[in-house]
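K.L.:
When you line the sequence shown up against this note's numbering, it's residues 1 to 186, in that order. The structure follows.
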Amino acid sequence: MKIYFASSNISKFEEMRVLLPFNLHYLELDTNEVQGTSEDIINHKIHRAKREEIVAGSALLVDDNCLALEGLHGFPGVYIKDFLNIGFDNIEDIVQKVGRNATARCYLGLYCNDKVKIFTGSVNGEIVPRRAGRCFGFDSIFLPDGKDKTFSEMGGEEKNQISHRGMASKAMVDYLRSGNLLCVFE
């Protein structure tokens with residue numbers, strides 16, 4: 001069975017392809033973000049992707065990423081994409097006032113055989129002034145606890161071992177390998 005990663009972000013797909021031990025196919029899917037929990041967003045993305053003819057009889061994988069600032073009681077959370085639009089300098093101004101502690105979370109939704117299973121990964125850290133490296137979401141301002149490099153300064157392998165997306169992917173792979181197979185992928 002084929003599995004499609006449905007996203008409007010090809011960079012996420014490229015990262016997921018490296019993280020997973022099976023062949024992953026890309027389905028470009030631009031959906032309007034719904035307001036709600038990560039679970040609501042995952043289910044909305046799956047529902048939207050299921051409408052695409054190309055995925056008939058296939059499994060789907062979607063994700064939702066959050067960044068929770070402790071000093072803002074978890075905000076922006078699921079609204080991180082919109083929050084980033086204010087710019088890194090403005091985010092720096094905010095964290096100088098409310099504190100730098102943050103948690104990055106990834107929710108992966110796997111749809112197969114009419115069932116949805118959600119896997120999560122999280123990493124604690126802090127928001128720092130923007131650093132060099134590839135700019136992918138909040139990677140250039142998120143410094144994981146115990147590390148001296150932001151995600152953007154790390155190589156792919158190093159980042160994937162500790163990132164929220166890496167943790168969620170590992171949880172899914174462990175689940176599938178433990179015999180709880182929802183489906184078998186090509």
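Note that the Cβ used here is the ideal one computed from N, Cα and C, for glycine as well. The model shown is predicted, which means the values in this text are computed figures rather than measured ones.
Can you tell me whether GLU28 is helix, strand or coil according to DSSP?
P.N.:
Working through the sequence shown from its first residue, we reach residue 28 at position 28. Correct three-state label for GLU28: strand.
K.L.:
So the alpha helix (DSSP H) LYS81 belongs to, where does it begin and stop?
P.N.:
In the sequence shown, counting from the first residue as 1, residue 81 sits at position 81. Its alpha helix (DSSP H) spans residues 80-83.
K.L.:
On the DSSP bridge assignment, give the partners of ASP63 in chain order.
P.N.:
Along the sequence shown, one-based indexing puts residue 63 at 63. LEU108.
K.L.:
In three-state terms, what does DSSP make of LEU69?
P.N.:
Counted from its first residue, the sequence shown places residue 69 at position 69. Looking at LEU69 - three-state DSSP - the assignment turns out to be strand.
K.L.:
VAL78: which of ALA104, LEU176, PRO129 and ARG48 sits nearest, CA to CA?
P.N.:
Within the sequence shown, the letter at position 78 stands for residue 78. For the residues ALA104, LEU176, PRO129 and ARG48, the minimum Cα distance to VAL78 belongs to ALA104.
K.L.:
Using beta-carbon positions only, say whether GLY71 and VAL34 come within less than 8 Å of one another.
P.N.:
Your numbering for residue 71 matches position 71 in the sequence shown. Your numbering for residue 34 matches position 34 in the sequence shown. No, the Cβ-Cβ distance between GLY71 and VAL34 is not below 8 Å.
K.L.:
Which same chain residues, not among the five before or five after ARG48, have their C-beta less than 7 Å away from its C-beta?
P.N.:
Position 48 of the sequence shown holds residue 48. Same-chain partners within the cutoff: LEU29 and THR31.
K.L.:
Could you round the C-beta distance between LEU67 and ASN160 to whole angstroms and report it? I think they count as a contact, below 8 Å.
P.N.:
If you number the sequence shown from 1, residue 67 lands on position 67. If you number the sequence shown from 1, residue 160 lands on position 160. Actually they do not touch by this definition, with Cβ atoms about 18 Å apart.
K.L.:
Taking the alpha-carbon positions, what's the LYS2 to ALA56 distance?
P.N.:
Looking up residue 2 in the sequence shown gives position 2. Looking up residue 56 in the sequence shown gives position 56. When rounded, the distance between both Cα atoms is 10 Å.
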